[in-house]
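In mature numbering (1 follows the signal peptide of the UniProt record, and there is no 0), the protein residues as written are -35 to -1, 1 to 267.
All residues carry an ideal CB built from backbone N, CA and C; glycine is no exception.
Written out as structure tokens, the structure reads:
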């Protein structure tokens, strides 16, 4: 009888242990199946403007916007006024936009070239600005190929810069492309007329199905519908273009409004933010504190 009782006790104990183990396995399985999935990496952000640092306070306002926006910072030239000297970079640019120097990928403007060879510009930014005296380069962000160009040197068809650009675009494996430089091919600004000498840059980008181009030079914001190199609307292959010269310098007015201009603002400083998705992009004009102007939208890659 004692043997039978011991056998029954052992059987009951074994059953209990099996139930505990099964319950633990179920709990682990349930926990694993209901655990929140790992967060997907955020799409890259590219944010910036041109015509930036002066002895005034405009660049202080726009640098404060960058403080709250992560991502890569671009500039569309005229980084500092009036002459692009090392002293001006250290006195005006460095205390404001210079806070974001480590994540900035700049382009030069004509005021940067007011110092011979833009030596202040190249000295301040170093190797990220491209080889000194050349100033054009490219990099990738997610599914996007980004190209920074120099509209202060030769841009003729067959020039070193345009030849490099075409080779760079041909070698890119990214499905989407954005480029930026200083002088705008299309603009309604009253102070500076369209810079037709930049057309070979735009033509190369168009030939390789690029998507977006951003400029500065006129101190205002303007957005154009996608266009071909001659300025005709082209919804299938055209590049959407922006004038983003609202980085801090005094505002310019508008003159004759050019065809396909879809949005314009002057007198509101800000930055232009791009969120770069796998096959599309969002743009947003982010105004300085206390201002309400906004322009935003979405586009698809070609």
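Taking the alpha carbon of residue 98 as the point to measure from, which residue in 212, 114, 210, 58 has its own alpha carbon closest? Position 133 of the chain shown, counted from the first residue, corresponds to residue 98. Cα-wise, what sits closest to residue 98 is 114.
**OP:** Go through its chain and collect everything with a Cβ distance to residue 174's Cβ below 7 angstroms, but skip five positions before and after it.
**Re:** Indexing the chain shown from 1 puts residue 174 at position 209. Cβ within range, chain order: 202, 267.
Would residue 17 be called buried (16 or more neighbouring beta carbons within 10 Å of its own) or exposed?
Along the chain shown, one-based indexing puts residue 17 at 52. Counting of Cβ neighbours within 10 angstroms places residue 17 among the buried residues, the total reaching 16 or more.
Between which two residues does the beta strand (DSSP E) containing residue 246 stretch? Your numbering for residue 246 matches position 281 in the chain shown. Where residue 246 is concerned, the enclosing beta strand (DSSP E) stretches over 245 to 252.
* **Separation of residue 185 from residue 227, as counted between CA atoms** => Along the chain shown, one-based indexing puts residue 227 at 262. Along the chain shown, one-based indexing puts residue 185 at 220. Cα-Cα distance, rounded: 14 angstroms.
**Prompt:** Is it the case that the Cβ atoms of residue 231 and residue 214 are separated by a distance below 7 angstroms?
**Reply:** Locating residue 231 in the chain shown gives position 266, where the first residue counts as 1. Locating residue 214 in the chain shown gives position 249, where the first residue counts as 1. Contact: no.
Practice prompt. In angstroms with no decimal places, state the Cα-to-Cα distance between residue 261 and residue 248.
Written response: Translated into positions along the chain shown, residue 261 becomes position 296. Translated into positions along the chain shown, residue 248 becomes position 283. If I take the Cα positions, the gap works out to 5 angstroms.
- Task: Label residue 165 either buried or exposed according to how many other C-beta atoms from any shown protein chain fall within 10 Å of its C-beta, with 16 as the threshold for buried.
- Result: Translated into positions along the chain shown, residue 165 becomes position 200. It is buried - the Cβ of residue 165 has at least 16 other Cβ atoms within 10 Å.
- Could you tell me the distance, in whole angstroms, from the CA atom of residue 24 to the CA atom of residue 89? Taking the chain shown and counting its residues from 1, the one referred to as residue 24 is at position 59. Taking the chain shown and counting its residues from 1, the one referred to as residue 89 is at position 124. Those two C-alpha atoms are separated by around 17 angstroms.
In terms of alpha-carbon separation, which member of 224, 263, 233, 121 lies closest to residue 257? The sequence position of residue 257 within the chain shown is 292, counting from 1. Comparing Cα-Cα distances from residue 257 to each of 224, 263, 233, 121, the minimum goes to 233.
Measuring alpha carbon to alpha carbon, tell me which residue in 136, 168, 116, 200 is nearest residue 160. Locating residue 160 in the chain shown gives position 195, where the first residue counts as 1. Scanning 136, 168, 116, 200 for the CA closest to the CA of residue 160 turns up 116.
Worksheet entry | Separation of residue 138 from residue 241, as counted between CA atoms | Residue mapping note: residue 241 aligns to position 276 of the chain shown, counting from 1. Residue mapping note: residue 138 aligns to position 173 of the chain shown, counting from 1. Approximately 16 angstroms, taken between the alpha carbons.
Per DSSP, the bridge partner or partners of residue 230: Reading the chain shown from its first residue, position 265 is the one you call residue 230. Looking at the DSSP assignment, residue 230 forms a beta bridge with 186.
Checklist line | Own chain, CB closer than 6 angstroms to residue 243, minus 5 neighbours either side, in chain order | finding: Taking the first residue of the chain shown as position 1, residue 243 is located at position 278. Around residue 243: 108.
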